[in-house]
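So the sequences go chain by chain: A and B. Residue numbers for the first sequence follow the numbering used here, so the first one is 132 and each next one is one higher. Residue numbers for the second sequence follow the numbering used here, so the first one is 132 and each next one is one higher. I have placed the structure first, in the form of structure tokens, so that the comments after it can refer back to it.
There are 2 protein chains.
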Amino acid sequence: MRAHPDRIAALARRSDARLLMWDNGAPALNPDGRLQWSPVDGDPPLFLGLDGEVPHFSSLAPGDVPIDSRAHFGLLAQLDAFDAPVFAAALSLANWHRRHGFCSVCGLATTPNRGGWSRACASCGGEHYPRADPVVIMLAEHDDRVLLGRQPHYPARRFSALAGFVEPGETIEAAVARELFEEAGISVRDVTYLASQPWPFPSTLMIGATCNADSDSLTIDLNELDDARWFSRLEVEAALGGDASAPFLAPPRFAIAWTLLDRWVAGVP
Amino acid sequence: MRAHPDRIAALARRSDARLLMWDNGAPALNPDGRLQWSPVDGDPPLFLGLDGEVPHFSSLAPGDVPIDSRAHFGLLAQLDAFDAPVFAAALSLANWHRRHGFCSVCGLATTPNRGGWSRACASCGGEHYPRADPVVIMLAEHDDRVLLGRQPHYPARRFSALAGFVEPGETIEAAVARELFEEAGISVRDVTYLASQPWPFPSTLMIGATCNADSDSLTIDLNELDDARWFSRLEVEAALGGDASAPFLAPPRFAIAWTLLDRWVAGVP
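Structure below.
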């Protein structure tokens with residue numbers, strides 16, 4: 132469908148076509164936590180897709196809100212399994228369009244293309260696609276304890292899984308090992324993929340893994356982390372349960388770090 | 132190190148510093164299949180890293196070779212486990228620099244930054260990072276047969292695993308299911324991650340998976356594929372073995388599709 136602008140335009144004219152509403156730089160939610168939609172008027176730049184026969188569109192986000200606003204993280208927590216990926220796709224794409232008005236090849240202006248899933252440069256013919264940057268996020272285990280760290284911007288007492296971008300030339304497994312060596316000074320093996328999650332702040336693919344550390348002796352990179360510590364299964368269980376006496380505050384439930392910790396406590400895999 | 136241009140410049144002045152040589156748009160190989168290096172003269176834009184104490188650098192690729200030249204695929208096949216990721220990182224980065232001379236936010240010129248691992252815009256302050264685009268590549272299984280497809284540009288008789296880019300808002304598992312539904316009309320479950328591989332043509336992270344199809348009835352998207360067929364374990368084994376009577380030509384051994392097929396034949400999940 133994205134290769135056929137005439138068909139997308141015809142879908143926008145359907146009376147049941149829906150347009151995603153925006154609020155303060157993110158998709159707007161109803162009081163019941165569902166995405167808010169309005170009738171389509173005109174030719175919206177972003178074709179989100181069809182739900183059954185019903186076409187869904189979006190405008191682009193207003194340009195005056197930070198694209199990694201932590202105020203938006205909590206919105207994800209309210210969404211159900213239908214709305215969450217729509218929210219993530221719309222927010223990632225809208226923020227990508229905001230920062231890609233010009234062609235990186237020749238410097239001239241680009242315009243949305245393929246229903247908003249690329250931008251085209253009429254000057255040099257370049258076509259540019261939205262990013263989904265792979266990030267590894269991982270639990271290293273040693274002697275039945277798990278390594279968690281504190282990033283400088285975390286709320287008080289929060290510890291979570293270490294993470295970092297996969298670089299060109301790396302496998303997922305190599306990125307896990309490099310990040311843990313760089314940030315915590317540990318060597319790991321048995322890297323095992325567990326689950327993935329799109330994270331639209333601004334547009335990453337979180338790739339969750341576990342691994343085994345050869346030692347529990349840490350050399351923390353204090354440019355990246357405020358702290359890193361090993362926690363026992365009982366300590367993690369208390370934190371996930373929201374126990375006030377737990378030694379740390381768990382990551383939010385909708386983040387993949389929560390899932391990694393929950394499965395580790397349960398002994399999966 | 133990348134945050135300290137003075138330290139990188141000092142490394143470039145070391146007498147043992149090595150500069151990657153280029154040939155026809157790709158890193159150059161010796162007759163024995165190792166990457167070719169020369170002494171460093173000046174201030175090369177790309178700091179590849181340290182091997183022990185020895186600093187490794189690269190210039191950027193010359194600009195007149197297609198960035199997804201299939202002539203370069205075979206070079207990867209010759210490389211060992213040390214050189215292959217260096218080749219992949221250098222080629223991905225060089226090609227990324229070639230297509231990112233201008234700032235996508237404001238349209239003005241950018242310059243290499245962080246030892247060549249980003250580009251900075253002095254005009255608007257934007258910083259831009261190299262891409263590593265996640266691509267899912269997968270085997271769907273049904274009734275002890277596996278689904279392979281032919282892309283239009285493949286050599287004669289070649290069949291390989293289906294693949295496609297992960298889009299913003301998707302998990303790895305959702306991307307596998309969407310691609311197989313779009314390209315072959317099948318519904319799948321039990322998506323299982325198997326392995327990953329950086330693929331520097333131009334810069335993707337290949338994420339290999341297996342899954343089970345609910346049916347073997349295919350609806351092939353002829354815009355994407357010339358053909359798609361189910362192959363038995365014996366047929367795949369013959370193709371991997373290079374058997375002239377095999378019903379198809381296997382993907383090259385250094386591609387992750389070969390590994391997926393090899394493990395499937397061996398019965399490794």
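All C-beta atoms in this analysis are idealised placements derived from N, C-alpha and C, irrespective of residue type, glycine included. Given the structure is predicted, the values throughout are model-derived calculations rather than measurements.
- Chain B places no beta carbon closer than 8 Å to that of PRO176 (chain A), leaving this residue out of the contacts.
- With contact defined as three or more Cβ pairs closer than 8 Å, the stretch 333 to 343 of chain B and the stretch 305 to 325 of chain B are in contact.
- Proximity to PRO383 (chain B) across B:ARG144, B:PRO158 and B:ALA208 peaks at B:ALA208, based on C-alpha coordinates.
- Chain-order list of chain A residues neighbouring ARG262 (chain B): ARG262, by C-beta distance under 7 Å.
- Against ARG276 (chain B), chain A offers no close residue; the least beta-carbon distance is about 25 Å (beta-carbon pairs closer than 9 Å).
- Residue ranges of uninterrupted beta strand (DSSP E) with 3 or more members, entirely inside the stretch 281 to 336 of chain A and ordered along the chain, are 293 to 296 and 319 to 330.
- Here the C-alpha atom of ALA359 (chain B) lies approximately 15 Å from the C-alpha atom of GLY295 (chain B).
- Per DSSP, reduced to three states, the secondary structure at LEU160 (chain A) is strand.
- For chain B, the residues of the stretch 329 to 353 of chain A that bring a beta carbon within less than 8 Å of one of its beta carbons are PRO329, PRO331, SER334, LEU336 and ILE338, in chain order.
- For SER254 (chain A), not one C-beta of chain B is nearer than 8 Å to its own C-beta.
- When the alpha-carbon of LEU160 (chain A) is set against those of A:ALA326, A:ASP137, A:GLY205 and A:ALA287, the nearest one is in A:GLY205.
- With respect to the 8 Å criterion, CYS234 (chain A) and THR242 (chain A) are not classified as neighbours on the basis of their beta carbons.
- DSSP places ASN354 (chain A) in the coil class of the three-state scheme, outside both helix and strand.
- In the structure shown, the three-state DSSP call for VAL236 (chain B) is coil.
- Under a criterion of Cβ atoms nearer than 8 Å, the residues of chain A adjacent to SER223 (chain B) are, in order, PRO299 and GLY300.
- Rounded to whole angstroms, the separation of the alpha carbons of GLN328 (chain A) and TRP227 (chain B) is 26 Å.
- ILE139 (chain A) is outside the set of residues whose beta carbon lies under 8 Å from a beta carbon in chain B.
- Chain order gives the chain A residues near ALA220 (chain B) as GLU298, PRO299, GLY300 and GLU301, where near means a beta carbon separation below 9 Å.
- The way I'd put it, the stretch 254 to 272 of chain B does touch the stretch 285 to 303 of chain B; three or more beta-carbon pairs between them come closer than 8 Å.
- Its Cα nearest to that of ALA220 (chain B), the residue B:GLY247 stands out among B:GLY300, B:ARG145, B:ARG230 and B:GLY247.
- For ASN226 (chain B), no beta strand (DSSP E) run applies; the uninterrupted alpha helix (DSSP H) run containing it begins and ends at 214 to 229, by DSSP.
- DSSP places VAL171 (chain A) in the coil class of the three-state scheme, outside both helix and strand.
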